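One structure is given below, encoded as structure tokens.
In the numbering used here, the protein residues as written are 1254 to 1575.
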């Protein structure tokens, strides 16, 4: 079976890029992945990259509006095509679509005018209804897709990178992710202003927001991210909405607990959970962290590998291609 994939997300430096790279690198069999434009990108192991001269915006924008060129044609006619996230595209049947969350429906104000237009052109609901199968990272998102869109979705949880890493020095807690409103960074800033913990606050990620009192690291590579996880007192993820929550799971693979919002997708062992939007509760959890940390570490589950995740996705792709 030849699998084709939309790998434009490898050019981004966000969670979908980590998801796409991890899954592509672990999928068995022949995998062809399209990355438009000429920006440098590292191919996941065993994946054949197909490049185009046209940029992602030009290529996929034209495709979504006119129906040409089709992604599967550009990839040489694979048996099945995988779309790692809803995005503007023209693609022939059969294909499998991954939906990570419905944030553009739930919190449209968090997105720029361009991003809202991008989602309108992508038509995620229509893309999902036409797909041979839809996959979600977590059961709550799959249930929302079924309830709102009338589409039955399967659950394939992502894996995590669990390579050992030398701990980053210092005493700190770390936020990892995009710097955007739904992540609750305003709540983190308010809680941290109360100086609840004798430690530094590090923020790893890119976006439009700033957390006063934190040391902003910007984008960090995989090796540095592993070191940040390994050395942290905890990861902090005070999101108002979360489709899966990769950072707490990645942190757990490095033996580090997390403080997270009490959301359906973040009911994880080895975490302190606080009400979304509650800066008082977050500050109190940070104060309690030193006393609770040993217990939380003992609760951490073994990591789920990308190989496990890819086997489950491969089974869906094979069923669709048959």
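From the three backbone atoms N, C-alpha and C, an ideal C-beta is built for every residue, glycine too. A quick note: this is a predicted structure, and the numbers were derived from the prediction, not measured.
Following the DSSP letters along the chain, one finds residue 1418 in no beta strand (DSSP E), marked with neither H nor E. Taking the C-beta atoms as reference points, residue 1554 is found nearer than 9 Å to residue 1521. Take residue 1327, set aside five residues on each side of it, and the residues of its chain with a beta-carbon closer than 6 Å to its own are 1287, in chain order. The beta carbon of residue 1345 sits closer than 6 Å to those of 1323, 1325, all from its chain and outside the five residues before and after it, given in chain order. For residue 1355 and residue 1365, the gap between their C-alpha atoms comes out near 16 Å.
Residue 1423 sits exposed, since fewer than 16 C-beta atoms from the chains shown fall within 10 Å of its C-beta.
A distance below 9 Å separates the beta carbons of residue 1277 and residue 1260. If you ignore the 5 residues before and after residue 1393, its C-beta comes within less than 6 Å of the C-beta of 1517, 1518, all in its own chain and listed in chain order. Per DSSP, the continuous beta strand (DSSP E) segment holding residue 1453 begins and ends at 1453-1457. Nearest to residue 1458 by C-alpha distance, out of 1446, 1475, 1452, is 1475. A buried status is given to residue 1444, since no fewer than 16 other beta-carbon atoms sit within 10 Å of its beta-carbon. For residue 1507, no alpha helix (DSSP H) encloses it, and the DSSP letter there is neither H nor E.
Each of 1508, 1536, 1479 was checked against the Cα of residue 1514, and the nearest Cα belongs to 1536. If you compare the alpha carbons of 1402, 1571, 1481, 1370 with that of residue 1453, the shortest gap goes to 1481.
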